[in-house]
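By our numbering, the letter at position 16 of the sequence shown is numbered 82, and the numbering carries on one by one without gaps.
Shown next, in structure tokens, is the structure this report addresses.
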Amino acid sequence: MSEATVAARRVGVTQGYLSALEHGEKEPGAAVLLAISKEFGKSVDWLLTGRQSE
Numbered sequence: 067m068s069e070a071t072v073a074a075r076r077v078g079v080t081q082g083y084l085s086a087l088e089h090g091e092k093e094p095g096a097a098v099l100l101a102i103s104k105e106f107g108k109s110v111d112w113l114l115t116g117r118q119s120e
């Protein structure tokens with residue numbers, strides 16, 4: 067199983083959907099952003115802007 071497939075399963079989405087997010091082809095909804103944030107320990111601010119909130 068590829069790392070991308072494992073990551074997608076951990077977040078609760080398909081590998082294709084995760085790939086589309088990574089390539090800017092889709093925009094994640096709030097539920098997906100929260101799942102990614104919790105699973106990978108990054109804030110939603112960081113996921114959206116690339117900057118950590120103060």
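From the three backbone atoms N, C-alpha and C, an ideal C-beta is built for every residue, glycine too.
Margin query: Less than 9 Å between the beta carbons of G116 and V98, yes or no?
Written below: no
Notebook entry, point to check: Per DSSP, what kind of secondary structure is S109 in: helix, strand or coil?
Noted result: coil
Checklist line | Same chain, Cβ closer than 7 Å to S103, five either side skipped, listed in chain order | finding: S109, V110 and L113
Next item on the list: Note the first and the last residue of the continuous alpha helix (DSSP H) segment covering R75.
Entry: E69 to V77
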